[in-house]
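One structure below.
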Amino acid sequence: MRSLLHQQIFRRSLSTLVTEQSLSQSSCTTKFYPLSEKSQRIKHFHFKNVLPYTIGNIIQDNFVSRNLNLKKYDILKKNHKNKDKLSEIFETRPEIIPPLIFSFEFDSTYTGGKREKTQVSQEQKNEYESIKNIPYIQTSRGGQTTYHGPGQAVVYPILDLTDFHKLTSKCYVSTIEKSVISVLKNNFNLDALTTENTGVWVNTVNSNSSMKCVEKISSIGVNIKRGITSHGVSINCSTDLSFVNDPRIVMCGLDQYKQTSILNEFNKTELDTKNFDLSVSNVSRLFADEISSRIGISKIDHFTIDNGIDCDTEKIIEEINDKLFNF
Numbered sequence: 001m002r003s004l005l006h007q008q009i010f011r012r013s014l015s016t017l018v019t020e021q022s023l024s025q026s027s028c029t030t031k032f033y034p035l036s037e038k039s040q041r042i043k044h045f046h047f048k049n050v051l052p053y054t055i056g057n058i059i060q061d062n063f064v065s066r067n068l069n070l071k072k073y074d075i076l077k078k079n080h081k082n083k084d085k086l087s088e089i090f091e092t093r094p095e096i097i098p099p100l101i102f103s104f105e106f107d108s109t110y111t112g113g114k115r116e117k118t119q120v121s122q123e124q125k126n127e128y129e130s131i132k133n134i135p136y137i138q139t140s141r142g143g144q145t146t147y148h149g150p151g152q153a154v155v156y157p158i159l160d161l162t163d164f165h166k167l168t169s170k171c172y173v174s175t176i177e178k179s180v181i182s183v184l185k186n187n188f189n190l191d192a193l194t195t196e197n198t199g200v201w202v203n204t205v206n207s208n209s210s211m212k213c214v215e216k217i218s219s220i221g222v223n224i225k226r227g228i229t230s231h232g233v234s235i236n237c238s239t240d241l242s243f244v245n246d247p248r249i250v251m252c253g254l255d256q257y258k259q260t261s262i263l264n265e266f267n268k269t270e271l272d273t274k275n276f277d278l279s280v281s282n283v284s285r286l287f288a289d290e291i292s293s294r295i296g297i298s299k300i301d302h303f304t305i306d307n308g309i310d311c312d313t314e315k316i317i318e319e320i321n322d323k324l325f326n327f
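Numbering (UniProt numbering), first residue to last: 1 to 327.
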């Protein structure tokens, strides 16, 4: 018998499916390109070691907040009547943050999208945590419940969409999907595609029945505030699929579908993985290159953050700042 949480999420997914589809099905054939000098180059930071999800979120929020502060400053400065208010809030104009991409590999965690804030009780969150003995964390991204964990690339582009020609929120989500599809097709020979549901899927066969089906390999959940993006996409490289295919847990509001991974697809076809680099770092880099190209950025700098076990966020942010402004 389904748990109360399972039933409520399934009913909720039926009523909200149109919203998810509307973001996913824009054709977005426009050519995108940077409109300002600061957006001509993008910097990709990959975190070498597995991190707690909360640490990654703190790092992301730091740079998103600084982008938003710069926008607030520029808006206030346009009106001379705000001169006093401007001086009260800001001593100087905040630093310009160039386009960024952060890529992570997190400890096992379930995260809830915006809809979960009001529609999933603490009791229901506790139920999720007890099933797999991992934390459930509320986030500000779109979408519903999803999983992050070892063997999964989690990539967060932090962009100002207004700095790019006709890059709307719908086109941004579509560009993420197209980037993932290109990475999976061109580098791992997977038959990746989009469906009526947000995310990226693969044509495959069911491991148990050998019947043809589609299974989800990449989840998308973004937040866009005043044009500044946060959160992003996860790609299952060698993920432990027991966390996402447990019948007691509904991923992304879609209980009728299974998830898969690059490694799982290779195992089905008995391909030799020695000829492919399935690492989170490689998949993250391939995605960073692909999405940068699709939004018209030809210059990309890749950095590796060798985050230690102490996870000192201040030191990590300081290291990122040094590479942002002194490299």
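Glycine included, each C-beta is placed from N, C-alpha and C at the ideal position.
Values in this document were obtained by computation on a predicted structure and should not be read as measured data.
So, are the CB atoms of residue i and residue j less than 8 Å apart?
i                 : j              : result
histidine 44      : arginine 141   : no
glutamate 105     : valine 154     : yes
phenylalanine 47  : isoleucine 305 : yes
serine 234        : serine 218     : yes
proline 98        : arginine 66    : no
phenylalanine 90  : tyrosine 156   : no
glutamine 152     : threonine 239  : yes
phenylalanine 188 : glycine 296    : no
serine 261        : cysteine 237   : yes
threonine 175     : arginine 294   : yes
phenylalanine 323 : arginine 41    : First, the residue type needs correcting, since residue 323 is lysine and not phenylalanine in the sequence shown. No, they are not a contact pair.
cysteine 311      : leucine 51     : yes
isoleucine 220    : valine 173     : yes
asparagine 57     : asparagine 307 : no
isoleucine 96     : leucine 68     : no
glutamate 270     : leucine 190    : no
lysine 78         : leucine 86     : no
threonine 29      : lysine 166     : no
valine 205        : lysine 212     : yes
threonine 109     : tyrosine 53    : yes
serine 169        : leucine 159    : no
For the beta strand (DSSP E) that contains residue i, what are its first and last residues?
i             : result
lysine 43     : 41-47
threonine 304 : 299-305
valine 154    : 152-158
How far does the alpha helix (DSSP H) with residue i in it extend, from its first residue to its last?
i              : result
asparagine 223 : No alpha helix (DSSP H) contains asparagine 223, which is instead part of the beta strand (DSSP E) from 212-225.
asparagine 186 : 169-188
isoleucine 316 : 313-326
glycine 232    : No alpha helix (DSSP H) contains glycine 232, which is instead part of the beta strand (DSSP E) from 228-236.
tyrosine 73    : 53-77
glutamine 259  : Segment: none, glutamine 259 is in no alpha helix (DSSP H) and carries neither H nor E.
isoleucine 137 : Note, isoleucine 137: premise wrong, no alpha helix (DSSP H); beta strand (DSSP E) at 136-138.
serine 87      : 83-89
lysine 132     : 122-132
Just list the residues that DSSP pairs residue i with in beta bridges.
i                 : result
phenylalanine 243 : Looking at the DSSP assignment, phenylalanine 243 forms no beta bridge with any residue, so it has no partner.
valine 200        : Ser218
histidine 148     : Thr109
isoleucine 249    : Bridge partners of isoleucine 249: none, in fact.
serine 103        : His46, Val155
valine 280        : Paired residues: none, contrary to the question.
phenylalanine 164 : Pro34
alanine 192       : Val202
Decide if the stretch 62-75 is in contact with the stretch 182-201; the criterion is three or more beta carbon pairs, one per stretch, under 8 Å apart.
no
Stretch-stretch touch, CB-based, cutoff 8 Å, three pairs: the stretch 131-147 with the stretch 236-248:
yes
Cβ contact (3+ pairs, closer than 8 Å) linking the stretch 133-140 and the stretch 179-194:
no
Count Cβ pairs between the stretch 211-227 and the stretch 290-300 that sit closer than 8 Å; are there 3 or more?
no
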